[in-house]
């Protein structure tokens, strides 16, 4: 394919990870049977689409003939604008595998094709017989609010990550990927150009972008966004191994399975490979396909048991609980709670395992009036700082049990704190006492001539920030690219002058490999780690 075929084609570096990374990816494409130049140009323009510099329709039309010539098919999703006729929408639904009965149901709910444009769907249902879950804008019974559906994502606290690599090990054990094909990375950086030499840490799973460039370049719909929960997945049965998605990913999270996997298919559990749609999207991929972090889709489907829904292997394995996974569309989910009030969430994580249970408090207190000192002396696991923390959490709480769904740890930890507070209150500690609140720095001392105003939310927040730390920033990786990633980082982002250094725990110390090229004879994945 000639670069003159497409307006705007050039030789400039377009990949966010830099020229060396881009050149490595291009060299790898040239070793395949597929058109390397086409893959590079499509990747560049897919990122232009997410930036808003090129429309979905223009992108699709620009490469349709070339994709058909190269692959004999073009199943790429397309945002085709508003539908003007019912027949046009129904035809599109049929093309994407929606059966006649489901099409009629969708049309009825939508009141005709004009009710929604194709772009509201993300329009790939991955071959399912069911209409996409987020296809129709639903209205709540209370009237009018959009139902956004589920969107799994993460909050990752870089400031409290200790670099232990437990998440990497857990991911490897859960999904059986080959040595070095890391779906999860912990990367350490150092920047000597700042006033004070700064160290950074980055946890790097797939970002499960809301607008994923890797999906836009896939000719077969192997790389697709699951409609039920927004996970960006690869159907191993449909993937042809062209590796265009690897070039189009701004984050460097894709891996090609060169050889027969180290763990044979016979050792994989079927309900861990196939999701609820019957598509093979989890566990390590077979030879000749692309694979990456999946956010454990079979867990989210309930295949491993309801107790695993809303959890990932890496989150479960993280000792400091800096990985918070959940529904990014739910303000009560773990990641959104962590983002909304990081100091409070950190405090809950730190004190939860050390709190006495309410029964112990009841057994150790007599139930009559108690002062702070007598409570501390009577209950072994309580000190003044812990009491200040639990009261601060209660002061900031809206009263009653925190609203949450199943397996949402932060809300459960907050509920446990409320139980402790109730036990203290019911067994003689006056939680509204001026003396107590002032002593714990949860209220201002009014002095002789002013009326006591009770507990102060600002002071409660300050107590939690002093204990858990107040992060200086939050960010999404490469947010300016427009992919809308569903991973939010707590902490500072490595700058352009930061360079990668060894972390506190070496990969070989936990029987893992940092770079896939250390395992294979040829340098499969380009430079060592992404320079974000």
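Residue numbers (full-length UniProt numbering): 1 to 532. We put the CB at the ideal spot given by N, CA and C, even for glycine.
Exposed or buried, residue i, counting other C-beta atoms within 10 Å across all chains shown (16 or more means buried)?
i: residue 61; result: exposed
i: residue 340; result: exposed
i: residue 259; result: exposed
i: residue 95; result: Reliability fails at residue 95, whose pLDDT of 40 lies under 50, so the model's placement of it is uncertain and the value that follows must be treated cautiously. Label assigned to residue 95: exposed.
i: residue 224; result: buried
i: residue 475; result: exposed
i: residue 81; result: Summary for residue 81: the model assigns pLDDT 44, below 50, so the residue's position carries little reliability; its value from the coordinates is reported in the next sentence. Looking at its Cβ environment, which holds fewer than 16 other Cβ atoms inside 10 Å, residue 81 is exposed.
i: residue 501; result: exposed
i: residue 408; result: buried
i: residue 27; result: exposed
i: residue 266; result: exposed
i: residue 50; result: buried
i: residue 366; result: exposed
i: residue 496; result: exposed
i: residue 498; result: buried
i: residue 56; result: buried
i: residue 219; result: buried
i: residue 41; result: buried
i: residue 473; result: exposed
i: residue 544; result: The chain is shown from 1 up to 532; residue 544 falls before or after that span and cannot be answered.
Reducing DSSP to helix, strand and coil, say where residue i ends up.
i: residue 14; result: coil
i: residue 175; result: helix
i: residue 20; result: helix
i: residue 459; result: helix
i: residue 279; result: coil
i: residue 342; result: helix
i: residue 350; result: helix
i: residue 359; result: helix
i: residue 42; result: helix
i: residue 327; result: strand
i: residue 71; result: helix
i: residue 225; result: strand
i: residue 233; result: strand
i: residue 188; result: strand
i: residue 499; result: strand
i: residue 370; result: strand
i: residue 410; result: helix
i: residue 465; result: helix
i: residue 418; result: helix
i: residue 82; result: Unreliable placement is indicated for residue 82, whose pLDDT of 41 sits below 50; the coordinate value is still reported in the next sentence. In the structure shown, residue 82 sits in a strand (DSSP, three-state: E or B).
What's the C-alpha gap between residue i and residue j?
i: residue 174; j: residue 307; result: 16 Å
i: residue 456; j: residue 393; result: 12 Å
i: residue 261; j: residue 281; result: 15 Å
i: residue 14; j: residue 438; result: 58 Å
i: residue 510; j: residue 242; result: 32 Å
i: residue 123; j: residue 424; result: Residue placement at residue 123 is flagged as unreliable, the pLDDT there being 26, under the threshold of 50; a coordinate-derived value is accordingly withheld.
i: residue 34; j: residue 70; result: 7 Å
i: residue 148; j: residue 326; result: 14 Å
i: residue 322; j: residue 314; result: 10 Å
i: residue 529; j: residue 493; result: For residue 529, the pLDDT reaches just 39, beneath the cut-off of 50, and the residue's location in the model is therefore unreliable, leaving the point undetermined.
i: residue 17; j: residue 357; result: 50 Å
i: residue 160; j: residue 471; result: 10 Å
i: residue 379; j: residue 421; result: 13 Å
i: residue 432; j: residue 318; result: 37 Å
i: residue 481; j: residue 251; result: 11 Å
i: residue 179; j: residue 484; result: 30 Å
i: residue 65; j: residue 74; result: 9 Å
i: residue 506; j: residue 349; result: 26 Å
i: residue 245; j: residue 254; result: 8 Å
Where DSSP assigns a beta bridge to residue i, which residues make up the other side?
i: residue 157; result: 490
i: residue 203; result: 186
i: residue 290; result: 256
i: residue 59; result: BP columns for residue 59 are empty, so no partner.
Could you tell me whether the Cβ atoms of residue i and residue j are closer together than 8 Å?
i: residue 222; j: residue 210; result: no
i: residue 275; j: residue 298; result: yes
i: residue 171; j: residue 183; result: yes
i: residue 440; j: residue 382; result: no
i: residue 214; j: residue 249; result: yes
i: residue 347; j: residue 389; result: yes
i: residue 397; j: residue 385; result: no
i: residue 489; j: residue 187; result: no
i: residue 39; j: residue 247; result: yes
i: residue 303; j: residue 271; result: yes
i: residue 177; j: residue 291; result: yes
i: residue 206; j: residue 168; result: no
i: residue 278; j: residue 236; result: no
i: residue 191; j: residue 200; result: yes
i: residue 459; j: residue 477; result: no
Could you tell me whether any non-hydrogen atom of the ligand ZN is closer than 7 Å to the CB of residue i?
i: residue 214; result: Although the ligand ZN was asked about, the structure shown includes no ligands whatsoever.
Consider the Cβ of residue i: report whether some Cβ of chain C lies at a distance smaller than 8 Å.
i: residue 12; result: Among the protein chains of the structure shown there is no chain C, as only one such chain exists.
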